[in-house]
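Below you'll find the structure, written out as structure tokens, and then a few comments.
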Amino acid sequence: DAGVIQSPRHEVTEMGQEVTLRCKPISGHDYLFWYRQTMMRGLELLIYFNNNVPIDDSGMPEDRFSAKMPNASFSTLKIQPSEPRDSAVYFCASSSGGGMRGYTFGSGTRLTVV
Amino acid sequence: AQSVSQHNHHVILSEAASLELGCNYSYGGTVNLFWYVQYPGQHLQLLLKYFSGDPLVKGIKGFEAEFIKSKFSFNLRKPSVQWSDTAEYFCAVNANTGRRALTFGSGTRLQVQP
Chain A
59 DAGVIQSPRH EVTEMGQEVT LRCKPISGHD YLFWYRQTMM RGLELLIYFN
109 NNVPIDDSGM PEDRFSAKMP NASFSTLKIQ PSEPRDSAVY FCASSSGGGM
159 RGYTFGSGTR LTVV
Chain B
64 AQSVSQHNHH VILSEAASLE LGCNYSYGGT VNLFWYVQYP GQHLQLLLKY
114 FSGDPLVKGI KGFEAEFIKS KFSFNLRKPS VQWSDTAEYF CAVNANTGRR
164 ALTFGSGTRL QVQP
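See the structure below:
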């Protein structure tokens with residue numbers, strides 16, 4: 059079991075550029091979650107999917123953020139255009155049955171927007 | 064809405080000291096409770112979880128937590144900490160409301176001095 063795989067590990071981009079973060083959940087998991095971690099706000103839920111369908115996107119900051127899950131083994135989080143305040147660590151997590159039994163987290167993508 | 068409070072933001076201990084980190088949640092119904100640990104530069108890993116039954120839960124690396132329903136608390140304990148326990152600790156809750164995402168506390172940074 060390779061765990062939840064995120065790419066890239068680090069991303070440095072200029073303000074205004076499009077950024078795409080990627081996540082491969084654990085095979086067989088039916089829930090996928092995107093979180094953002096900052097010093098100021100801690101861990102914030104951005105969006106989560108169940109069987110590839112977005113269930114709750116109320117945490118997505120604004121229209122510049124979008125997430126997709128085209129199939130059970132892949133999800134993307136896109137920021138367009140990026141801003142310095144988007145700098146954070148973005149974690150993907152997956153689970154079987156949702157948060158009721160906990161998650162397995164990926165290693166995260168550290169995004170720096172300059 | 065459910066919320067989680069971790070009142071200790073930064074704790075400094077010497078090796079072999081005992082540890083107790085506080086966690087309180089704000090939902091009155093049935094909950095599932097978790098503690099995660101994040102070592103420097105790494106992703107979150109599950110330490111222990113409570114679903115039902117014995118309110119004293121034992122996890123990995125000698126950690127345990129006690130669920131006290133009347134106090135809405137789920138405090139994390141370890142009798143004797145080691146330098147390698149230096150990390151950030153997050154409490155999380157999932158209330159059985161149908162929403163399948165975890166809500167995390169703001170975290171407690173533990174620093175163990177050799």
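From first to last, the protein sequence lines stand for chains A and B.
Just so we're aligned, residue 59 is where the first sequence starts under my numbering, counting upward by one.
Just so we're aligned, residue 64 is where the second sequence starts under my numbering, counting upward by one.
Backbone N, C-alpha and C define an ideal beta-carbon position, used for all residues, glycine too.
Values in this document were obtained by computation on a predicted structure and should not be read as measured data.
Give me the chain B residues within the contact set of residue i, using Cβ-Cβ distance strictly less than 8 Å, ordered along the chain.
{"i": "TYR106(A)", "result": "ARG163, ALA164"}
{"i": "PHE149(A)", "result": "HIS106, LEU107"}
What does a CB cutoff of less than 7 Å around residue i pick up in its chain, not counting 5 residues either side in sequence?
{"i": "GLN145(B)", "result": "GLU78, VAL175"}
{"i": "ASN87(B)", "result": "SER68, PHE135, SER136"}
{"i": "GLY47(A)", "result": "Given that chain A is displayed from residue 59 to residue 172, the structure contains no residue 47(A) and the question cannot be resolved."}
{"i": "LEU110(B)", "result": "TRP98, TYR99, VAL100, GLY122, ILE123, PHE126"}
Enumerate in chain order the residues of its own chain whose CB-to-CB distance from residue i is below 6 Å, with the five nearest sequence positions on each side excluded.
{"i": "SER133(A)", "result": "CYS81, LEU90, MET127"}
{"i": "LEU104(A)", "result": "TRP92, ARG94, GLY117, MET118"}
{"i": "LEU135(A)", "result": "LEU79, TRP92, ALA125"}
{"i": "HIS73(B)", "result": "ARG172"}
Just the chain B side, please: which residues come within less than 7 Å of residue i by C-beta, in chain order?
{"i": "TYR161(A)", "result": "LEU165"}
{"i": "TYR89(A)", "result": "ARG163"}
Which chain E residues sit within Cβ distance under 9 Å of residue i?
{"i": "SER165(A)", "result": "The structure shown has no chain E; the protein chains it does contain are A and B."}
Taking the beta strand (DSSP E) that residue i falls in, what are its first and last residues?
{"i": "THR134(A)", "result": "132 to 137"}
{"i": "ARG168(A)", "result": "167 to 171"}
{"i": "PHE153(B)", "result": "150 to 158"}
{"i": "ASN129(A)", "result": "123 to 129"}
Under 7 Å Cβ-Cβ, which residues of chain A neighbour residue i?
{"i": "ASN95(B)", "result": "MET158"}
Taking residue i as the reference, give the member of the options with the closest Cα.
{"i": "TYR99(B)", "options": "SER66(B), SER136(B), PHE126(B), ASN159(B)", "result": "PHE126(B)"}
{"i": "PHE114(B)", "options": "GLY104(B), GLY92(B), PRO103(B), GLN105(B)", "result": "GLY92(B)"}
{"i": "ASP117(B)", "options": "LYS132(B), THR149(B), SER89(B)", "result": "LYS132(B)"}
{"i": "PRO177(B)", "options": "LEU96(B), ASN157(B), LEU76(B)", "result": "LEU76(B)"}
{"i": "VAL120(B)", "options": "ASN157(B), GLN65(B), SER66(B), ASN95(B)", "result": "ASN95(B)"}
{"i": "GLY164(A)", "options": "VAL171(A), VAL172(A), THR170(A), SER152(A)", "result": "SER152(A)"}
{"i": "PHE153(B)", "options": "TYR90(B), LYS124(B), LEU107(B), GLN65(B)", "result": "LEU107(B)"}
Name the chain A residues whose beta carbon is nearer than 8 Å to that of residue i?
{"i": "LYS112(B)", "result": "ARG159, GLY160"}
Quick one: which chain A residues come within Cβ less than 9 Å of residue i?
{"i": "ASN157(B)", "result": "GLY156, GLY157, MET158, ARG159, GLY160"}
Under 8 Å from any heavy atom of the ligand MN, does the C-beta of residue i make it?
{"i": "PHE126(B)", "result": "Of ligands this structure carries none, so the ligand MN is not represented either."}
Taking 8 Å as the cut-off, does the stretch 146 to 164 of chain A touch the stretch 153 to 165 of chain B (at least 3 CB pairs, one atom from each stretch)? yes
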